[in-house]
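**Student:** So the protein sequences, as listed, match chains R and G.
Here our numbering = 1-based position in the first sequence + 7.
Here our numbering = 1-based position in the second sequence + 136.
Yeah, the Cβ is synthetic: ideal placement off N, Cα and C, and Gly gets one too.
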Amino acid sequence: VSSTNGASADLGRGSSDARDESLDARAEAAEQSEVIDRLISTVSHELRTPLSVIVGYAELLGARDDEETRREAPIRIKEAAERLSSVVENILTVSSLDSGSLFLELVPVDLEDAVAETIARFEREEIGHSFASHSMSPEGWPVVTADPVELGRILANLVSNACKYSPGGGEIVVRADRQDGSAVVSVSDEGLGIREEEQERVFERVSRLDAPVQRGTRGSGLGLYITRALVELHGGSIWVESEPGRGSTFTFTVPLASEPA
Amino acid sequence: MTGRRVLIVDDDATLRQLLRLTLPAEDYRIFEAEDGQKALELVDHFEPDLVLLDWKMPNRSGEEVLAELKAFHPRLPVIVLTAGIQARHRMVADSLGADVFLTKPFSPLELLACIEQLLGTPAETGSAPSSARP
């Protein structure tokens, strides 16, 4: 959460320039406070919903003896706890990104291994989607300079997003290529797609798209904001191409590991 | 067995399931809607005795649904469940005539007591529906 101090720094100066500046600053502060309101409202919703499931099922489990409650409660409590923990982790990540206290440990990472590891995880969890990965470069899969944990998080966020926004299933494909000293990695789905006017907004903090695309999906709305920040910390960039009804492709770049001389 | 008819409106499937399990199957017939639009369609088909209504939903918010329910079915009791924290929501829900306003996380047993208070306990009403609408 960025600070809004400075909003009133120009108050009291006589010149009209200063008045304009102070009006701008106030408008900016108002906008900032609206963003914060929206963030708090989304985060509150995303924390309290799984919390309700945990508290509710725990209480029912203590009070009831029917077979369905006994069977469902432990499963739902575990799922909700995992959902809660991922929201909390996202909030902590945003906070460390904002305060500049997230530091990367850059090492050479084999992109093929990183992608395979991510896909293996989602193949276990996601029924209804199929996964594939291809290297588009004649030289094969590249080795990149990255923090392995954060690169894994970038890939997982994009694959998770692809699954979330293709509720009808379909194939999710990860491709890698090389261009100008960078690896170019894309994640494509065959899902709902994103309208052109909304494509810019998807990387904003708390930007989950309006209904009906949002329908049935869940999340803190922080995932793509975090993904972009992590990509940029690595010195890369990220963008999206999409057509409503045909799916989306998110592409990011990450520097290639320098070849040994 | 007929039982009292309750419409559960929430966009989160896990929460709908929790609400369904909260209401004993021998006493209640449950209908579910995953958004506001569907809720308004189902109300006319199933004529519920009570509605459990989430506040933040796609395709017509809880606020819109509550306003329409109270306009066309003024005697139908509505319990609002919200994960938000804004006091403004409660004021809006109260002004639109919400019978009960609960904040998530809620206690299922307290919710059940609340429903029984609004509809009468199963023992009082037997299996006769519509006890809340004389």
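#1: Strictly under 7 Å for the Cβ-Cβ distance: is serine 243 of chain G near chain R by that measure?
#2: Which partner residues does aspartate 190 of chain G have in the DSSP bridge list?
#3: Note down, in chain order, every chain G residue with its Cβ under 7 Å from the Cβ of alanine 70 of chain R.
#4: Check isoleucine 166 of chain G in the structure and name its three-state DSSP category.
#5: Going by Cα to Cα distance, which pick from R/His52, R/Val116, R/Pro174, R/Asp196 is closest to serine 140 of chain R?
#6: Would the region 248-258 of chain R count as touching the region 138-157 of chain G if we require 3 or more Cβ pairs under 8 Å?
#7: Can you pull the chain R neighbours of isoleucine 215 of chain G, defined as C-beta to C-beta under 7 Å?
#8: Under the three-state reduction of DSSP, which class applies to glutamate 209 of chain G: helix, strand or coil?
#9: On the DSSP bridge list, what partners appear for tryptophan 246 of chain R?
#10: Please classify serine 193 of chain R: is it buried, with 16 or more other beta-carbons within 10 angstroms of its beta-carbon, or exposed?
#11: Starting from leucine 238 of chain G, follow its DSSP beta bridges and name the residues at the other end.
#12: Give a yes or no on whether 7 Å exceeds the smallest Cβ distance from lysine 174 of chain G to chain R.
#13: Which residues in the same chain have their Cβ closer than 7 Å to the Cβ of histidine 225 of chain G, if we skip the five residues on either side of it in sequence?
#14: Terminal residues of the continuous alpha helix (DSSP H) containing proline 244 of chain G?
#15: Excluding the five sequence neighbours on either side, which residues of its own chain have a C-beta within less than 6 Å of the C-beta of glycine 233 of chain G, listed in chain order?
#16: If you draw a straight line from the alpha carbon of aspartate 217 of chain R to that of proline 194 of chain G, how long is it in whole angstroms?
#17: Applying the 10 Å Cβ sphere with the 16-neighbour rule, what's the burial state of isoleucine 134 of chain R?
#18: Look at the alpha carbon of valine 181 of chain R and the alpha carbon of threonine 239 of chain G, and state the distance between them as a whole number of angstroms.
#19: Any beta carbon from chain R within less than 7 Å of glycine 139 of chain G's own beta carbon?
#20: Using a threshold of 7 Å, state whether the C-beta atoms of leucine 67 of chain R and threonine 56 of chain R are closer than that.
#21: Under three-state DSSP, which class holds arginine 141 of chain G?
#22: Return the residues of the region 210-236 of chain G that lie within a Cβ-Cβ distance of less than 9 Å from chain R, sorted by chain order.
#23: Are glycine 177 of chain R and serine 249 of chain R touching if we call contact CB-CB under 7 Å?
#24: Beta-carbon of leucine 154 of chain G versus every beta-carbon of chain R: anything under 7 Å?
#25: What is the DSSP secondary structure of glycine 63 of chain R, counted as helix, strand or coil?
#26: Once you ignore the five residues that flank aspartate 171 of chain G on each side, which residues in its own chain have a CB closer than 7 Å to its CB?
#27: For the alpha helix (DSSP H) containing serine 103 of chain R, name the first residue and the last one.
#28: Can you pull the DSSP bridge partners for valine 42 of chain R?
#29: Is there contact here, the region 154-166 of chain R with the region 117-132 of chain R, by at least three beta-carbon pairs under 8 Å?
#30: Would you call leucine 99 of chain R buried or exposed, if buried means 16 or more other Cβ atoms sit within 10 Å of its Cβ?
#31: Determine the contact status of aspartate 180 of chain G and leucine 255 of chain G, defining contact as a CB-CB distance below 7 Å.
#32: Does chain R have any CB closer than 7 Å to the CB of aspartate 163 of chain G?
#33: Between the region 104-115 of chain R and the region 226-241 of chain R, are three or more C-beta pairs nearer than 8 Å?
#34: Examine chain G for any beta-carbon lying closer than 7 Å to the beta-carbon of arginine 7 of chain R, and answer yes or no.
#35: Ignore the nearest five residues each way along the sequence and tell me which others in methionine 143 of chain R's own chain have a CB closer than 8 Å to its CB.
#36: Interface residues of chain R around threonine 158 of chain G at Cβ under 8 Å?
**Tutor:** Taking the structure as given:
#1: yes
#2: G/Leu217
#3: What alanine 70 of chain R touches in chain G: Leu245.
#4: strand
#5: R/Asp196
#6: Touching, no, given that fewer than three Cβ pairs across the two stretches are closer than 8 Å.
#7: Here the premise fails: no neighbours, minimum Cβ distance about 14 Å.
#8: Per the sequence presented here, residue 209 of chain G reads as histidine, with glutamate not at that position. Reduced to three states, the DSSP call for histidine 209 of chain G is coil.
#9: R/Thr258
#10: buried
#11: G/Leu217
#12: no
#13: Answer for histidine 225 of chain G: Trp191, Thr218, listed in chain order.
#14: 244-255
#15: The beta carbon of glycine 233 of chain G sits closer than 6 Å to those of Lys206, all from its chain and outside the five residues before and after it, given in chain order.
#16: Because the pLDDT of aspartate 217 of chain R is 44, which lies under 50, any placement of that residue in the model is unreliable, and the question is left without a value.
#17: exposed
#18: 42 Å
#19: No - not a single Cβ of chain R is within 7 Å of the one on glycine 139 of chain G.
#20: Their beta carbons are not under 7 Å apart, which means leucine 67 of chain R does not touch threonine 56 of chain R by this criterion.
#21: strand
#22: Leu217, Thr218, Ala219, Gly220, Ile221, Gln222
#23: No, they are not a contact pair.
#24: yes
#25: helix
#26: Asp147, Met193, Pro194, Asn195, Arg196
#27: 74-105
#28: According to DSSP, residue pairing for valine 42 of chain R in a beta bridge does not occur.
#29: yes
#30: exposed
#31: no
#32: no
#33: Yes, the region 104-115 of chain R touches the region 226-241 of chain R.
#34: With chain R covering only 8 through 268, there is no way to say anything about residue 7 of chain R.
#35: Cβ neighbours of methionine 143 of chain R beyond the five flanking positions: Arg182, Ala183, Asp184.
#36: Correct list: Gly63, Leu67.
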